[in-house]
Amino acid sequence: MIRLARLTKRFHRGGVNEVMALDGIDLHIRPGDFVSIIGSNGAGKSTLLNCLAGTYAIDAGSIRLGGRDVTAWPEYRRAKLIGRVFQDPLVGTCAALSIEQNMALAIRRGRSRTLAWGVKKPDRGLFRTQLEILGLGLEDRLKSRVGLLSGGQRQALTMIMATLIEPEVLLLDEHTAALDPKTAAQILDLTHRIIETRGLTTLMVTHNMAQALSFGNRLIMLHRGRVILDVAGEEKAGLKVDDLLARFYSSQGEAFSSDRALLG
Amino acid sequence: MTAYAFIGAVEQGLLYGIMVLGVYLTFRVLDFPDLTVDGSLPLGAAVSAVAISNGIDPFLAIVAAMAAGFLAGCVTALLNTKLKILHLLASILTMIALYSINIRIMDGPNVSLLGVVTVLDPIMAWGLPGYLAAPLLFALCAAAATVLMVWFLHTELGLAVLATGDNARMITAQGVNTHRIIILGVGLSNALVAASGALVAQNQGAADVNMGVGTIIAGLASVIVGETLLGHGGITRGCIAAILGSVIYRVAIAAALSFKLGTFAFTPSDLNLITALLVIAALTIPMVKARWSGR
Chain A
1 MIRLARLTKR
11 FHRGGVNEVM
21 ALDGIDLHIR
31 PGDFVSIIGS
41 NGAGKSTLLN
51 CLAGTYAIDA
61 GSIRLGGRDV
71 TAWPEYRRAK
81 LIGRVFQDPL
91 VGTCAALSIE
101 QNMALAIRRG
111 RSRTLAWGVK
121 KPDRGLFRTQ
131 LEILGLGLED
141 RLKSRVGLLS
151 GGQRQALTMI
161 MATLIEPEVL
171 LLDEHTAALD
181 PKTAAQILDL
191 THRIIETRGL
201 TTLMVTHNMA
211 QALSFGNRLI
221 MLHRGRVILD
231 VAGEEKAGLK
241 VDDLLARFYS
251 SQGEAFSSDR
261 ALLG
Chain B
1 MTAYAFIGAV
11 EQGLLYGIMV
21 LGVYLTFRVL
31 DFPDLTVDGS
41 LPLGAAVSAV
51 AISNGIDPFL
61 AIVAAMAAGF
71 LAGCVTALLN
81 TKLKILHLLA
91 SILTMIALYS
101 INIRIMDGPN
111 VSLLGVVTVL
121 DPIMAWGLPG
131 YLAAPLLFAL
141 CAAAATVLMV
151 WFLHTELGLA
161 VLATGDNARM
171 ITAQGVNTHR
181 IIILGVGLSN
191 ALVAASGALV
201 AQNQGAADVN
211 MGVGTIIAGL
221 ASVIVGETLL
231 GHGGITRGCI
241 AAILGSVIYR
251 VAIAAALSFK
261 LGTFAFTPSD
271 LNLITALLVI
281 AALTIPMVKA
291 RWSGR
């Protein structure tokens, strides 16, 4: 499904502040994989997702999505294959437009946009049934401006919009980090339900190790732009937060006892 | 102010209202401050005047003017998106270039349209007096432009234009090439401005290279006046507010020009100052209000 080969990305190239954000990543993700990606700040998690989506141009390497080499594709073209939910709940939706207008934009993802009427009557039924999954009552507020919704509601809507047209890959970039714990749990639950029922190939970046362990069938740990841990299936299911921390610090050669409470 | 002056002001408001719709599209919808309009208004006037002088149908001449305006807008948008020039600067560059181009098109600084057939003639042929025929025709034109704009902004493409102005990251993630949308939007805006210029030229009987000076400020003032009166509602309301704002702006200007206090009276040359003050006031009042109510 996704094949990354020698993926390299540097920031501030050539300057004194040059950072190796992705240091020759090789990764193969199979159809239906739900991959959690963890790592400390600056490990390259978000950069990896942004390079996959085409937001950042890569310095070297290649990206294949669903059998196609998309390395040279611009971001908007890759969007045909990719559904995205961002960390900032304000990024995924359009505040000035109504809920149904936002969904009408999402239902044309990867298709041509013409002078046909934007919000089509037959689509409204689909919008309603999709919004009912959320249980937030948004199905009765199709004409409300999205700017009036809360961050959690907007993130839930983004989640629905990202999967309205089935994406070949779903990219979730710390999509619950900006929400309060209760809302975050609801969004995570929704994420889980959507991905499970539709078997979507998913990459989820998270800071939360417990979350990374309880979701998905595969776990990848990044450090300084390299994959330092890649476990799947039974092996992943048996992992605990302590094991992750141990792996993390042993890779760095640092003691972890002092930070255990903080990160656990 | 006499009734005659009032009707004249309304007529001007409707004529320039089509330009204001264009400014609304760039300034409010696309969040792209576009000064090209100071050049594309006389461009539309020049193209339609030259076309009519060469025996082309006055309505077709407007279509030609719109095509020219669309191209001018595309140039600004291309400078901005492909060459990464700041939108304001890109539009000033196109505007300056259009000054030379307009003189080339007209083969001089102006073209007279006296004694030729204009869009007004078919209406006059119905037997309506000139002072009523013009406002009626321009009201129809302004209404048609408003309906088309409202319709466009509700289409799939129109929603993409709205989203590009509001949240470029979101609409890119939905598979839209925002560069293409900006080129289309700024092009359409300037097509409207050029149509407005073509109608103004046909109405006043001449196209002049300097007739575009201050267009953007008049356009902004009208948009803001309209919003102040009708509020920030949806798209339909915004488009109607643009036309209405334009009419009220022109009537207010006419009223100011007829104002006399002792020996003091405003002259047409004071117009720019009054408009600038009006725009500054309209832009800062919401801020001042917020600060006061925030106490």
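Line by line, the protein sequences are chains A and B. Using my numbering, you'd call the opening residue of the first sequence number 1 and step up by one each time. Using my numbering, you'd call the opening residue of the second sequence number 1 and step up by one each time. Just so you know, even glycine gets a beta-carbon here, dropped at the ideal spot from N, CA and C.
Go through its chain and collect everything with a Cβ distance to B/Ala-49's Cβ below 6 Å, but skip five positions before and after it. Hits under 6 Å: Val-111, Leu-113, Ala-201 and Ala-207.
Can you tell me the Cα-Cα spacing of A/Met-161 and A/Asn-102, whole angstroms? Those two C-alpha atoms are separated by around 8 Å.
Restricting to runs no shorter than 4 residues, where is the alpha helix (DSSP H) found entirely within the stretch 115-174 of chain A? Uninterrupted alpha helix (DSSP H) stretches at least 4 residues long and entirely within the stretch 115-174 of chain A occur at 121-132 and 151-164, given in chain order.
Note down, in chain order, every chain B residue with its Cβ under 7 Å from the Cβ of A/Tyr-76. Against chain B, the beta carbon of A/Tyr-76 has neighbours under 7 Å at Thr-172, Gly-175, Val-176 and Asn-177, listed in chain order.
Can you list, in chain order, the residues of its chain whose CB lies under 6 Å from that of A/Ala-255, leaving out five sequence neighbours each side? Any reading at A/Ala-255 is ruled out, since the residue's pLDDT is 46, under 50, leaving its predicted position unreliable.
Bridge partners for A/Thr-8 per DSSP, in chain order? A/Asp-23 and A/Ala-60.
State yes or no: is the beta carbon of A/Val-16 nearer than 8 Å to at least one beta carbon in chain B? Not a single C-beta of chain B is nearer than 8 Å to the C-beta of A/Val-16.
Look at the alpha carbon of B/Gly-44 and the alpha carbon of A/Val-169, and state the distance between them as a whole number of angstroms. Each residue's alpha carbon lies about 48 Å from the other.
A/Thr-201 versus A/Gly-151: straight-line alpha-carbon distance, rounded: In a straight line, the C-alpha of A/Thr-201 is about 25 Å away from that of A/Gly-151.
Using C-beta distances below 7 Å, list every residue in its chain close to B/Pro-109, excluding the 5 sequence neighbours before and after it, in chain order. Cβ contact annotation for B/Pro-109 (same chain, cutoff 7 Å, sequence separation greater than five): Ile-103, Asp-208 and Val-209, in chain order.
With H, G and I counted as helix, E and B as strand and the rest as coil, what does DSSP make of A/Gly-83? A/Gly-83 falls in the strand class under three-state DSSP.
Proximity winner among B/Ala-254, B/Thr-228 and B/Ala-241, relative to B/Pro-286 (alpha-carbon distances): Among B/Ala-254, B/Thr-228 and B/Ala-241, the Cα nearest to that of B/Pro-286 belongs to B/Thr-228.
Can you name, in chain order, every residue of its own chain whose Cβ lies under 8 Å from the Cβ of B/Phe-259, other than the five neighbours on each side? Correct list, in chain order: Ala-265 and Phe-266.
Partners in chain B for A/Leu-142, counting only beta-carbon separations shorter than 7 Å: Near A/Leu-142 there are no residues of chain B at all, since even the closest Cβ is about 14 Å away, more than 7 Å.
Which whole-angstrom value describes the C-beta separation of A/Val-241 and A/Met-209, a residue pair presumed to lie in contact below a C-beta threshold of 8 Å? Going by Cβ atoms, the distance from A/Val-241 to A/Met-209 rounds to 5 Å, so yes, they are a contact pair.
Would you check if the stretch 26-44 of chain A and the stretch 187-205 of chain A touch, i.e. whether three or more CB-CB distances between them fall below 8 Å? Two segments are said to touch when three or more pairs of C-beta atoms, one from each, lie closer than 8 Å; by this definition the stretch 187-205 of chain A touches the stretch 26-44 of chain A.
What is the rounded straight-line gap between the Cα of B/Cys-74 and the Cα of B/Arg-180? Computed Cα separation, rounded: 10 Å.
Could you run through the stretch 80-114 of chain A and flag, in chain order, every residue whose CB is less than 7 Å away from some CB of chain B? Listed in sequence order: Lys-80, Arg-84, Val-91, Gly-92, Thr-93, Cys-94, Ala-95, Ala-96, Leu-97, Gln-101, Ala-104, Leu-105, Ala-106, Arg-108, Arg-109, Gly-110, Arg-113 and Thr-114.
Taking only beta-carbon positions, decide if A/Phe-256 is within less than 8 Å of chain B. Confidence in A/Phe-256 is poor, its pLDDT being 45 and thus under 50, which makes the residue's placement too unreliable to answer from.
Should the stretch 12-31 of chain A be called in touch with the stretch 129-149 of chain B, which here means at least 3 C-beta pairs below 8 Å? Flag = no, the stretch 12-31 of chain A and the stretch 129-149 of chain B do not touch.
Are the beta-carbon atoms of A/Leu-239 and A/Lys-45 separated by less than 8 Å? No, the pair does not count as a contact, with Cβ atoms beyond the cut-off.
So what's B/Thr-36 in DSSP terms, helix, strand or just coil? Coil, per DSSP.
If you draw a straight line from the alpha carbon of B/Ala-160 to that of B/Pro-129, how long is it in whole angstroms? The straight-line gap from Cα to Cα measures roughly 44 Å.
Does any CB atom of chain B fall closer than 8 Å to the CB of A/Ala-156? Output row for A/Ala-156: interface = no.
Spatial distance of B/Thr-263 from B/Met-1 (CA atoms): Put simply, the backbone Cα of B/Thr-263 is about 17 Å away from that of B/Met-1.
Go ahead and pull the three-state DSSP assignment for B/Leu-188. B/Leu-188: helix per DSSP, three-state reduction.
Around the Cβ of B/Thr-36, are there at least 16 other Cβ atoms within 10 angstroms (buried) or fewer (exposed)? Of the other Cβ atoms in all chains shown, 16 or more fall within 10 Å of the Cβ of B/Thr-36; this residue is therefore buried.
For chain B, check one thing: does any of its Cβ atoms lie closer than 8 Å to the Cβ of A/Ala-116? Yes - at least one Cβ of chain B is within 8 Å of the one on A/Ala-116.
Which of the three DSSP states is assigned to A/Asp-310 in this structure? Outside the shown range of chain A, which is 1 to 264, sits residue 310 of chain A, and nothing can be said about it.
Residues within the stretch 150-164 of chain B neighbouring chain A, beta-carbon criterion of under 9 Å: Trp-151, Phe-152, Leu-153, His-154, Thr-155, Glu-156, Leu-157, Gly-158, Leu-159, Ala-160, Leu-162 and Ala-163: these are the residues of the stretch 150-164 of chain B whose beta carbon lies less than 9 Å from some beta carbon of chain A, given in chain order.
Contacts that B/Arg-169 makes with chain A (C-beta to C-beta distance below 7 Å): The contact set of B/Arg-169 on chain A, defined by CB atoms closer than 7 Å, consists of Val-91 in chain order.
Local Cβ density within 10 Å of A/Lys-9, reported as buried at 16 or more and exposed below that: If you draw a 10 Å sphere on the C-beta of A/Lys-9, you find 16 or more other C-beta atoms in it, and that means buried.
With a 10 Å radius around its C-beta and 16 neighbouring C-beta atoms as the bar for buried, classify A/Glu-132 as buried or exposed. A/Glu-132 is exposed by the Cβ-count criterion.
Which of the three DSSP states is assigned to A/Met-1 in this structure? Reduced to three states, the DSSP call for A/Met-1 is coil.
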